[in-house]
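A.B. asks: Have a look at the structure that comes next, please.
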Amino acid sequence: MSNVRPITSPQIQSDDRAHEADHPSSLVAKFGMDQPLKLDCGVDLAPFQIAYQTYGELNADSSNAILICHALTGDQHVNNTHPVTGKPGWWDTMVGAGKPIDPEKYFIICSNVIGGCMGSTGPASLNPATGKVWGLDFPIITIPDMVRAQAMLIDRLGITTLFCVVGGSMGGMQVLQWTAAYPERVFSTLAIACSTRHSAQNIAFHELGRQAVMADPDWRGGRYVDEDTHPHRGLAVARMAAHITYLSDAALHRKFGRRMQDRELPTFSFDADFQVESYLRYQGSSFVERFDANSYLYLTRAMDYFDIAADHNGVLAKAFTGIKTRFCVVSFTSDWLFPTSESRALVHALNASSARVSFAEIETDRGHDAFLLDVPEFLDISRAFLLAAGKARGLKDGGQS
Amino acid sequence: MSMQQTLPLPGVAPERTGGYRRDHLLVAEMVRPGSRVLDVGCGDGELLQLLEGRGIDGRGIELSREGVNGCVAKGLAVVQGDADTDLVNYPDDAFDYVILSQTLQATRQPKVVLENLLRIGQRAIVSFPNFGFWKMRLQLLIGGHMPRTENLPASWYDTSNIHFCTIKDFVELCEQINVKMERAVALDLYGRPVPLNLPWWVWNMFGEQGVFLLSRGGQVK
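Here you go:
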């Protein structure tokens, strides 16, 4: 019988990953003891740092800044080679020369979220009080905390009003939080495949992922760094389960069907006979190379807690009362993680608040991940929205003024 | 040559004035400047753009994604949606005017839609093709076919227009659900208003489409 280990993870670049957590290969904004980040859980986090990347130039009147908010396992490396994996930026369909978000036209900012593991302070960072990695001593963070930290970064960059805040999935949650918390600082928003609150099913999937991490004996109660290990297997299983939710039945069928992996016949074992198994194992094992397990726990938790309406006496429309921001909301037909019904609920609330909102549901079988892929209709509407908003903002040709 | 092949009778595309459709200009003229407007079934946003150009704060609902994309490219705020299912989600009195231009006949429940228009908006502007138009009558009477015109070219089996009515029918519906007609205009085939001093039956015969400015009626009968 061949290898029956559930997943392989022999060559983990844990050194690179650990190094990035405190010394990112990107720009860093450090905030001292005098500038704490006030967290929803009641803790004042200080000192802390935000790792970020920028592309393009800020124009003379600072009116062309776009903030990109990344998704659960994304980071600030939107449009450059990833320092750990060596892969291209995670949103090269949307960002880049000739793309809807073009560095020639806009000043593009993307920061690693607070609680992340690519250079912004999080559970993988060193706790200056102990000289050890934070681990589970790190306070629980929320989506509003992430946005509060981003606002401090935007202040530091000298930008009063963002031309647009853009993001999908957890990034879309941050987009909505930006408009609810700082409506006057956001001229327009592009909220993609997201929701104003995390559904019970999504919380359930996240709990499954967290339990997989914590069930790995190498997790060591969250103190795995001190013991020079990492819960690779648990985190990989969490990623595999989550990855299924990012796709769709149709996409999996089209991509893999029941095809066998490098063999003609079943091996009558638990080896990865099917291509889809092999693919998932690869997704799991490549993920653990670049992501910290505790960070995964914190960020999934932040999404679970997200509920804009709850912060406004249960009435979603109140979150957007009197808002001037231009909204573009996009969903995908085959997305079952953040289905169109969630986007519609948002749009109804925006309509009830008389907000200026456009909404389109894009026909695709590629599931939730469609926002990261080359889906021309989605990219077209994003481009159209940004150009029209740019015109309204007084940017020349919807771009640089 | 059979009768079938000579149909449809030639229709006439709406005339344009200054780049705008005449029926759109008529609708725009009915809307008070500075008001808030929802255009239900706004297509590619031509009317909305005309309204915004006049300082009106406009929103749209459109079923087709192509239409939505066109509107977004024009900088308009348009939501992909369906008049039959989505109007219920708009709050009462959200708009000064709700416009339903050439869409009523394509809805599943015209009566419910009409009621919703006047719940969401203080006023509604409704335009629709008049099935009592003489050319329509002639096609059915003489040709024995469901009428087709250039403005309504689809065959009965593939048309999205499932609830045609005449101007007379519409007026009766308005009376039935206690809707006040503030203004009514019948446009002929060329988009010109049929003279005001003519009786209803003339409008019903010679109006190619009807355009109505409606408001909520007084006490329920």
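Protein sequence lines correspond, in order, to chains A and B.
Okay, so the first sequence: first residue is 36 according to the working numbering, each after it adds one.
Okay, so the second sequence: first residue is 4 according to the working numbering, each after it adds one.
All C-beta atoms, glycine included, are put in the ideal place defined by N, C-alpha and C.
(1) Could you give the residue range of the alpha helix (DSSP H) that holds Thr335/A?
(2) Short check: CB of Leu243/A to CB of Ala271/A, under 9 Å?
(3) Are Phe309/A and Phe291/A close, meaning C-beta to C-beta below 9 Å?
(4) Cutting at 8 Å between CB atoms, please list the residues of its own chain near His54/A, excluding the five before and the five after it.
(5) State buried or exposed for Cys76/A, treating a residue as buried only when at least 16 other CB atoms are found within 10 Å of its CB.
(6) Please list the terminal residues of the continuous alpha helix (DSSP H) segment that includes Leu430/A.
(7) What's the gap between the Cα of Arg183/A and the Cα of Leu72/A?
(8) Using beta carbons (cut-off 9 Å, strictly below), is Val39/A in contact with chain B?
(9) Counting C-beta neighbours from all protein chains within 10 Å, is the total for Lys140/A 16 or more, i.e. buried, or is it exposed?
(10) Pair every Cβ in the stretch 400-418 of chain A with every Cβ in the stretch 123-135 of chain B, then say whether three or more of these pairs are closer than 8 Å.
(11) Helix, strand or coil: which one does DSSP assign to Leu41/B?
(12) Over the uninterrupted beta strand (DSSP E) stretch that includes Ile123/B, give me the two end residues.
(13) Can the beta-carbon of Ala31/B be found less than 9 Å from the beta-carbon of Leu66/B?
(14) Could you name the residues of chain B that Val440/A contacts, counting a contact when the two beta carbons are closer than 7 Å?
(15) Any idea if Cys299/A is buried or exposed, counting beta-carbon neighbours within 10 angstroms, 16 or more meaning buried?
(16) Pro36/B touches chain A at which residues, Cβ-Cβ below 8 Å?
(17) Taking Cβ positions, are Val75/B and Ala395/A nearer each other than 9 Å?
(18) Which partner residues of Ala228/A appear in the DSSP bridge assignment?
(19) Which residues does DSSP list as the beta-bridge partners of Val221/A?
(20) Could you list which residues in chain E have their beta carbon closer than 9 Å to that of Pro198/B, in chain order?
(21) May I have a chain-ordered list of the beta strand (DSSP E) segments no shorter than 3 residues that lie completely inside the stretch 119-201 of chain A?
(22) DSSP has Asp60/B in a bridge; who is on the other side?
(23) Between Val39/A and the rest of its own chain, which residues show a CB-CB distance below 6 Å, the 5 nearest in sequence each way excluded?
(24) Classify Ala232/A as buried or exposed, calling it buried when 16 or more other Cβ atoms lie within 10 Å of its own Cβ.
(25) Could you tell me whether the stretch 107-127 of chain A touches the stretch 55-62 of chain A, using the rule of 3 or more Cβ pairs below 8 Å?
(26) What would DSSP say about Tyr23/B, mapped onto helix, strand or coil?
(27) Using the beta-carbon of each residue, which ones in chain A are nearer than 8 Å to Val71/B?
(28) Taking the C-alpha atoms as reference points, what is the distance between Val78/A and Ala247/A?
(29) Which residues, in order along the stretch 186-202 of chain A, keep a beta-carbon less than 8 Å from a beta-carbon of chain B?
(30) Let me make sure I understand the geometry here. Which of Gly425/A, Thr399/A, Ser160/A has the alpha-carbon closest to that of Ser366/A?
(31) Output, in chain order, the set of chain B residues within a Cβ distance shorter than 8 Å of Ser389/A.
(32) Determine, using beta carbons only, whether Asn181/B and Arg219/B come nearer to each other than 9 Å.
(33) Select from Tyr331/A, Leu372/A, Ala387/A, Gln318/A the residue whose C-alpha is nearest the C-alpha of Gly357/A.
(34) Report the three-state DSSP secondary structure of Ala86/B (helix, strand or coil).
(35) Use the C-beta contact count for Gly202/A: other C-beta atoms within 10 angstroms, 16 or more gives buried, fewer gives exposed.
(36) Taking the alpha helix (DSSP H) that Lys183/B belongs to, which residues open and close that run?
C.D. replies: This is what the structure gives:
(1) Numbered from 1 along the first sequence, position 300 holds the residue referred to as residue 335/A. Counted as a single uninterrupted DSSP element, the alpha helix (DSSP H) harbouring Thr335/A occupies residues 328-340.
(2) Here residue 243/A corresponds to residue number 208 of the first sequence, with the count starting at 1. Here residue 271/A corresponds to residue number 236 of the first sequence, with the count starting at 1. No, these two residues do not count as a Cβ contact at 9 Å.
(3) Here residue 309/A refers to the residue found at position 274 when the first sequence is read from its first residue. Here residue 291/A refers to the residue found at position 256 when the first sequence is read from its first residue. Yes, the Cβ-Cβ distance between Phe309/A and Phe291/A is below 9 Å.
(4) Working through the first sequence from its first residue, we reach residue 54/A at position 19. None.
(5) Within the first sequence, residue 76/A is the residue found at index 41, counting from 1. Exposed is the call here.
(6) The count along the first sequence starts at 1 and reaches residue 430/A at position 395. It is not in any alpha helix (DSSP H) - Leu430/A carries neither H nor E in the DSSP assignment.
(7) One-based indexing of the first sequence puts residue 183/A at position 148. One-based indexing of the first sequence puts residue 72/A at position 37. Spanning the two alpha carbons is a distance of roughly 7 Å.
(8) On the first sequence, position 4 is the one that residue 39/A refers to. At Val39/A the pLDDT is 43, less than 50, meaning the model places this residue with poor confidence and gives no usable figure here.
(9) Here residue 140/A refers to the residue found at position 105 when the first sequence is read from its first residue. With 16 or more other Cβ atoms within 10 Å, it is buried.
(10) The stretch 400-418 of chain A makes no contact with the stretch 123-135 of chain B; the number of CB pairs closer than 8 Å stays below 3.
(11) Numbered from 1 along the second sequence, position 38 holds the residue referred to as residue 41/B. Taken through DSSP and simplified to helix, strand or coil, Leu41/B comes out as strand.
(12) Indexing the second sequence from 1 puts residue 123/B at position 120. From DSSP, Ile123/B is part of no beta strand (DSSP E) but of the alpha helix (DSSP H) over 113-123.
(13) As a first step, residue 31/B must be located in the second sequence, where it is residue number 28. As a first step, residue 66/B must be located in the second sequence, where it is residue number 63. For Ala31/B and Leu66/B, no; Cβs fall outside 9 Å.
(14) There is no way to answer for residue 440/A, as the model of chain A reaches only from 36 to 436.
(15) Residue 299/A sits at position 264 when you count from the first residue of the first sequence. The residue you asked about is not Cys; residue 299/A is Glu in the sequence shown. By the neighbour-count rule (16 or more Cβ atoms within 10 Å), Glu299/A is not buried but exposed.
(16) As a first step, residue 36/B must be located in the second sequence, where it is residue number 33. For Pro36/B, there are no C-beta contacts with chain A under 8 Å, since the nearest C-beta of that chain is about 18 Å from it.
(17) By one-based count along the second sequence, residue 75/B stands at place 72. By one-based count along the first sequence, residue 395/A stands at place 360. Yes.
(18) Position 193 of the first sequence, counted from the start, is the residue given in the question as residue 228/A. None, per the DSSP bridge assignment.
(19) In the first sequence, counting from the first residue as 1, residue 221/A sits at position 186. For Val221/A, which the question treats as bridged, DSSP gives the partners Leu197/A.
(20) The chain labelled as chain E is not found among the protein chains of the depicted structure, namely A and B.
(21) Secondary structure remark: continuous beta strand (DSSP E) runs of at least 3 residues inside the stretch 119-201 of chain A, in chain order: 142-146.
(22) As a first step, residue 60/B is located in the second sequence; it is residue number 57 there, counting from the start. Paired residue(s): Arg39/B.
(23) Working through the first sequence from its first residue, we reach residue 39/A at position 4. Residue placement at Val39/A cannot be trusted, given a pLDDT of 43 that sits under 50; what the coordinates show is reported in the next sentence. So the list reads Phe305, once near-sequence residues are dropped.
(24) Within the first sequence, residue 232/A is the residue found at index 197, counting from 1. According to the sequence shown, residue 232/A is Arg rather than Ala. Label assigned to Arg232/A: buried.
(25) yes
(26) Taking the second sequence and counting its residues from 1, one reaches residue 23/B at position 20. Tyr23/B falls in the strand class under three-state DSSP.
(27) Against the second sequence, residue 71/B aligns to sequence position 68. Near Val71/B (Cβ distances below 8 Å), the residues of chain A are Ser393, Phe394, Ala395, Ile416.
(28) By one-based count along the first sequence, residue 78/A stands at place 43. By one-based count along the first sequence, residue 247/A stands at place 212. The straight-line gap from Cα to Cα measures roughly 28 Å.
(29) none
(30) Position 331 of the first sequence, counted from the start, is the residue given in the question as residue 366/A. Of the listed residues, the one whose Cα sits closest to Ser366/A is Thr399/A.
(31) Taking the first sequence and counting its residues from 1, one reaches residue 389/A at position 354. Under the 8 Å cutoff, chain B gives Arg39, Ala97.
(32) The residue labelled residue 181/B in the question sits at position 178 within the second sequence. The residue labelled residue 219/B in the question sits at position 216 within the second sequence. Contact: yes.
(33) As a working note, residue 357/A is residue 322 in the first sequence. Cα-wise, what sits closest to Gly357/A is Ala387/A.
(34) Sequence index remark: in the second sequence, residue 86/B carries index 83 (1-based). Ala86/B falls in the helix class under three-state DSSP.
(35) Residue 202/A sits at position 167 when you count from the first residue of the first sequence. Answer is buried; the Cβ neighbour count reaches 16.
(36) Here residue 183/B is taken as the residue at index 180 of the second sequence, counted from 1. Element bounds for Lys183/B: not the alpha helix (DSSP H) but the beta strand (DSSP E), 182-190.
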